[in-house]
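Below is one structure, written out as structure tokens; comments come after it.
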Amino acid sequence: MYDIIIIGGGPAGLTAAIYSARSGHKTLLLEGGAFGGQMALTEKIENYPAFPNGVEGVELGRMMREQAENLGAEIKRERAKTISLVEKTVVTRKSSYSAEKLILAMGASPRPLGVKGEKELMGAGVSYCAVCDGGFFKGRTVAIIGGGDTAVHDCEYLSRICEKVYLIHRRDMLRGGEAAFKRINLPNVEFVPNAEAEEFIAENGKLKEILLKDGRVLAADGVFVAVGTLPRSELVADQLHTEDGYIVTDENMKTSVPGVYAVGDIRKKNLRQVVTAAADGAVAASDNI
Ligand code: NAP
486 MYDIIIIGGG PAGLTAAIYS ARSGHKTLLL EGGAFGGQMA LTEKIENYPA FPNGVEGVEL
546 GRMMREQAEN LGAEIKRERA KTISLVEKTV VTRKSSYSAE KLILAMGASP RPLGVKGEKE
606 LMGAGVSYCA VCDGGFFKGR TVAIIGGGDT AVHDCEYLSR ICEKVYLIHR RDMLRGGEAA
666 FKRINLPNVE FVPNAEAEEF IAENGKLKEI LLKDGRVLAA DGVFVAVGTL PRSELVADQL
726 HTEDGYIVTD ENMKTSVPGV YAVGDIRKKN LRQVVTAAAD GAVAASDNI
């Protein structure tokens with residue numbers, strides 16, 4: 486029996502583990518994938534305080550994990566299969582764990598675009614992670630779809646690896662405004678505004694072209710979809726109050742179920758950043774049930 490079980494090893498979950506273990510609570514953190522969560526998919530994080538030259542996402546995740554372990558948190562690489570919020574029990578393939586308090590920190594995953602050919606060509610030209618898959622397109626032509634921070638980051642990253650990068654966006658303005666345009670003002674980047682993909686077209690089982698809704702066709706060896714994220718709340722969504730899949734909490738991160746908290750990108754909130762995820766984790770771990 487633990488005092489606190491945290492599900493998810495991104496910045497929100499790891500910070501919750503740091504605060505919980507440091508305050509003397511018997512703490513278990515379960516992570517089914519990579520420590521650092523979506524941070525681990527980011528080459529460089531430039532807006533997390535105290536890193537004047539930025540920090541690699543993987544490295545920041547590694548340091549947070551080490552800090553949590555040094556302070557006494559138990560960390561297991563196990564994926565939650567079922568979660569009972571009322572009983573506060575988490576079942577993995579290996580075991581079953583119970584606690585007084587649960588902190589849900591499962592984060593979010595990339596949202597599919599939903600165009601023809603997207604599912605079929607996943608891993609054959611269609612990707613959701615530039616840092617993971619960009620290397621496969623060295624010296625070739627790729628397109629990014631989206632207009633948020635992820636699309637801009639991916640654009641900068643891929644421009645250093647690929648010969649040509651299209652940034653396809655459904656509007657003429659990026660979410661980050663003029664500052665974002667400055668970042669993508671690179672010799673091998675072409676902004677394609679007011680454009681939406683209709684279909685990803687393959688040749689010999691690999692992406693060859695992107696057909697746009699206005700009939701234009703762009704030749705591309707790879708396409709990186711960066712149109713936002715979906716909350717990973719599927720294991721608990723029928724047990725608590727959610728809106729559009731995001732878990733609703735109060736300002737102390739309490740959900741609609743007593744003793745259950747939600748932190749980071751899985752939570753309904755305005756600003757999804759590493760620093761706000763970490764802050765959520767600290768608040769949830771410090772709140773008395
Ligand atoms: P996002 O901010 O939600 O942006 C999604 C983009 O995709 C928007 O430009 C949106 O267009 C576009 N889009 C959505 N659905 C679409 C569709 N069906 N077809 C075409 N385009 C579509 O997502 P994100 O960029 O992944 O960022 C998620 C969060 O992480 C944000 O809070 C972001 O600030 C944060 N983040 C931060 C950093 C960092 O370095 N600090 C890096 C990456 C992400 P519209 O603009 O027209 O709505």
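All residue numbers for the sequence shown refer to our numbering, where the first residue is 486 and numbers rise by one. Idealized CB from N, CA, C, for every residue including glycine. Please read all numbers here as calculations on a predicted model, not as lab measurements.
Taking 6 angstroms as the cut-off, is the CB of residue 510 close to at least one heavy atom of the ligand NAP?
no
If residue 768 and residue 738 are in contact, beta carbons under 8 angstroms, what's the gap, nearest whole angstrom?
5 angstroms
Just to check my reading of the structure: residue 695 and residue 708 have Cβ atoms closer than 8 angstroms, yes? What is that Cβ distance to the nearest angstrom?
6 angstroms
Buried or exposed (CB count within 10 angstroms, at least 16 for buried), residue 726:
exposed
Three-pair Cβ contact test at 8 angstroms for the region 488-505 versus the region 514-529
yes
The ligand NAP heavy atoms versus the CB of residue 761: any closer than 6 angstroms?
no
Which runs of the alpha helix (DSSP H) at least 4 residues long sit entirely within the region 581-668? Give them in chain order.
615-618, 634-644, 662-668
Is the Cβ-Cβ distance between residue 580 and residue 574 less than 7 angstroms?
no
Alpha-carbon to alpha-carbon, residue 617 and residue 643
11 angstroms
Can you tell me where the alpha helix (DSSP H) holding residue 769 begins and where it ends?
759-771
For residue 610, which residues in the same chain have their Cβ closer than 6 angstroms to its Cβ, ignoring the five residues on either side in sequence?
So the list reads 691, 692, 707, once near-sequence residues are dropped.
Taking 7 angstroms as the threshold (C-beta atoms), are residue 588 and residue 721 in contact?
no
Give the straight-line distance between the Cα atoms of residue 657 and residue 666, rounded to the nearest whole angstrom.
11 angstroms
Do the CB positions of residue 600 and residue 705 come within less than 7 angstroms of each other?
No; because the gap between Cβ atoms is not below 7 angstroms, this pair is not in contact.
Shorter than 6 angstroms, the distance from the beta carbon of residue 752 to the closest heavy atom of the ligand NAP, or not?
No, since every heavy atom of the ligand NAP falls outside the 6 angstroms radius drawn around the Cβ of residue 752.
Can you tell me where the alpha helix (DSSP H) holding residue 543 begins and where it ends?
Unbroken alpha helix (DSSP H) run through residue 543: 542-555.
Using a Cβ-Cβ cutoff of less than 7 angstroms, which residues in the same chain neighbour residue 533 once the five nearest sequence positions on both sides are dropped?
540, 545, 759, 760
Between which two residues does the alpha helix (DSSP H) holding residue 498 run?
496-507
Buried versus exposed call for residue 750 [16 or more other C-beta atoms within 10 Å across all chains shown]
buried
To the nearest angstrom, how far is the alpha carbon of residue 762 from that of residue 572?
26 angstroms
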